[in-house]
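Chemist: Mind having a look at this structure? Questions to follow.
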Amino acid sequence: AMSSRLLVLLSAIAFCLLITSHPVECREESFEYLAPSCRKHSVSITDFGGVGDGVTVNTNAFRNAVAHLAKFSTDGGGQLYVPPGRWLTGPFNLTSAFTLYLHRDAVILASQVRRSPPLPLAPGRPVSGRTFSLSRVHRGTKSF
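This is how it looks when you write it as structure tokens:
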């Protein structure tokens, strides 16, 4: 009688612990974080000479990468991966069937030096009237 009560009590405690416990997963993050790709073609901004040091202007790298990926808009689209770093750039256009994927530790900084007129919002659509900026001033740089 005593042993059956003890068995029931221990079973009840084990059951309660089982349903209230949460699985814990421990793993070391010593691998490079890879971007999931929802597009058929994927490249990194570093493939086009981009440098994420917060000083180097990467406008040409972004423009060239987007132009390269635009070729694949009817063939599964393209994804531009931006790895960890501070990526200073001037304006550049995006394209259709395109994903701009930033690593969680990547920041795109907009250059405050205006070297050329603003780019149109879309091909053939001039910049006039009301426009919207996704930028905000952050310690002397615009971050978006």
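Taking the working numbering, the leading residue of the sequence shown gets 1031, the next gets one more, and so forth. For glycine and all other residues, C-beta sits at the position ideal for the given N, C-alpha and C.
(1) Please classify histidine 1071: does DSSP put it in a helix, a strand, or coil?
(2) Please determine, among Ala1042, Ala1140, Leu1118 and Gln1142, the residue with the shortest C-alpha to C-alpha distance to glycine 1079.
(3) Taking the alpha carbon of proline 1113 as the point to measure from, which residue in Phe1092, Ala1042, Cys1068 and Leu1039 has its own alpha carbon closest?
(4) For phenylalanine 1128, which option in Ala1136, Phe1122, Gly1108 and Gly1120 has the closest C-alpha, if you only look at C-alpha atoms?
(5) Please go through the same chain and pick out, in chain order, the residues whose beta-carbon is closer than 6 Å to the beta-carbon of alanine 1042, but skip the five residues on each side of it.
(6) For a test of the three-state rule: what should DSSP assign to leucine 1036, helix, strand or coil?
(7) For a test of the three-state rule: what should DSSP assign to alanine 1127, helix, strand or coil?
(8) With a cut-off of 8 Å on the beta carbons, I'd call valine 1087 and serine 1141 a contact; round off their distance for me.
(9) Which residue comes first and which comes last in the beta strand (DSSP E) that contains arginine 1116?
(10) Run the CB neighbour count on arginine 1057, radius 10 Å, all protein chains shown included, and call it buried at 16 or more, exposed below.
(11) Out of curiosity, what's the CA-to-CA distance linking leucine 1139 and glycine 1106?
(12) My output table needs one value for aspartate 1105: the three-state DSSP class, helix, strand or coil.
Modeler: The short version:
(1) It is a strand residue.
(2) Leu1118
(3) Phe1092
(4) Gly1108
(5) none
(6) helix
(7) coil
(8) That pair is a contact at about 6 Å.
(9) 1115 to 1119
(10) The predicted model places arginine 1057 with a pLDDT of 46, which falls under 50 and marks its position as unreliable; any figure quoted below should be read in that light. Exposed.
(11) 29 Å
(12) Coil at aspartate 1105, not helix or strand.
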